[in-house]
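Trainee: Quick one: this structure, given as structure tokens, is what I'll be asking you about.
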Amino acid sequence: PTAALHFDEGVLAALEARGVKRASVTLHVGAGTFSPVKTENLAEHRMHREWYEVPAATQQAIAETKAQGARIIAVGTTTIRTLESWAKTGQASGDTEIFITPGFQFQVADLLVTNFHLPKSTLMMLVSAFAGYKHVMGLYRHAIEHSYRFFSYGDAMLLQRSP
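The sequence shown lines up with residues 1 to 163 when you count with my numbering.
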């Protein structure tokens with residue numbers, strides 16, 4: 001939800017004027033989203049359960065956008081988790097414990113707007129899976145060298161899904 005804080009009414013109006021369409025999803029984010037991974041073996045880490053919903057109108061908008069060859073831009077890692085849970089299960093709503101790590105095969109989003117996340121967090125693993133570990137580490141080095149602000153109320157980045 002905090003990635004959306006970068007979008008005020010002026011930004012949203014400018015995007016709409018350029019033909020960017022919006023659709024919404026719901027994920028009831030738990031505190032576990034921000035918990036660090038405490039196991040050496042990622043397969044041993046257990047994600048907390050969160051409830052999600054992808055409304056029918058959003059499903060239709062995604063299908064139409066993909067059919068037109070246009071791109072899906074997810075705002076926030078919670079949106080990615082929601083969309084990928086829906087894509088994986090085919091269920092428009094339900095509980096998810098999806099843990100996205102490098103090697104994950106993304107099915108929905110092409111681009112991701114997200115904040116700079118804590119090291120060793122599930123969110124850092126998700127963005128590394130999405131855009132590639134080396135690329136993300138390079139972005140973080142650049143952010144540190146140029147005094148970008150990190151975490152929920154910090155700066156954001158736009159990531160393209162790695163092939």
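Ideal placement from N, C-alpha and C gives every residue a C-beta, glycine not left out.
Values in this document were obtained by computation on a predicted structure and should not be read as measured data.
My understanding is that LEU123 touches HIS117, with C-beta atoms under 8 Å, so please give their C-beta distance in whole angstroms.
Mentor: Yes, they are in contact, since the Cβ atoms of LEU123 and HIS117 sit about 4 Å apart, within 8 Å.
Trainee: When the Cβ atoms of the region 55-68 are set against those of the region 146-162, are three or more pairs found closer than 8 Å?
Mentor: The answer is no - the region 146-162 does not touch the region 55-68, with fewer than three Cβ pairs under 8 Å.
Trainee: Might you give, ordered along the chain, the residues of its own chain that have their beta carbon closer than 6 Å to the beta carbon of VAL136, omitting 5 neighbours on each side?
Mentor: Excluding residues within five positions, the ones whose Cβ falls inside 6 Å are VAL127, SER128.
Trainee: Do you know offhand how far THR114's Cα is from SER121's?
Mentor: If you take the alpha carbons of THR114 and SER121, they lie about 14 Å apart.
Trainee: Looking only at its own chain, which residues have a Cβ that is under 6 Å from the Cβ of PRO36, when we skip the five neighbours before and after it?
Mentor: Taken in chain order, the residues that qualify are LYS120, SER121.
Trainee: Thinking C-beta only, is VAL108 closer than 8 Å to ALA92?
Mentor: Cβ distance not < 8 Å, so ALA92 and VAL108 don't count as in contact.
Trainee: Keeping to the same chain, check which residues put their C-beta closer than 7 Å to that of TYR133; ignore five residues upstream and five downstream.
Mentor: Counting only Cβ-Cβ distances below 7 Å, and skipping sequence neighbours, we find PRO102.
Trainee: What are the complete beta strand (DSSP E) segments, minimum 3 residues, inside the region 24-90?
Mentor: Entirely contained in the region 24-90, the beta strand (DSSP E) runs reaching 3 residues are, in chain order, 50-53, 73-75.
Trainee: Please check the pair ILE80 and ILE100, which I expect to be a contact at CB under 8 Å, by giving their CB distance rounded to whole angstroms.
Mentor: 7 Å between Cβ atoms; contact.
Trainee: Tell me the residue span of the alpha helix (DSSP H) that contains LEU123.
Mentor: Element bounds for LEU123: 122-131.
Trainee: Exposed or buried, which one is GLY76 when buried takes at least 16 other CB atoms within 10 Å?
Mentor: Buried.
Trainee: Suppose you measure from the CA of ALA74 to the CA of MET157; what does that come to, to the nearest Å?
Mentor: Cα to Cα, the separation comes out at about 12 Å.
Trainee: Can you tell me the Cβ-Cβ gap for VAL54 and THR82, rounded? I've got them flagged as a contact below 8 Å.
Mentor: Going by Cβ atoms, the distance from VAL54 to THR82 rounds to 6 Å, so yes, they are a contact pair.
Trainee: Quick one: is THR39 buried, meaning 16 or more other Cβ sit within 10 Å of its Cβ, or exposed?
Mentor: Exposed.
Trainee: Classify LEU158 as helix, strand or coil using the three-state DSSP reduction.
Mentor: Strand.
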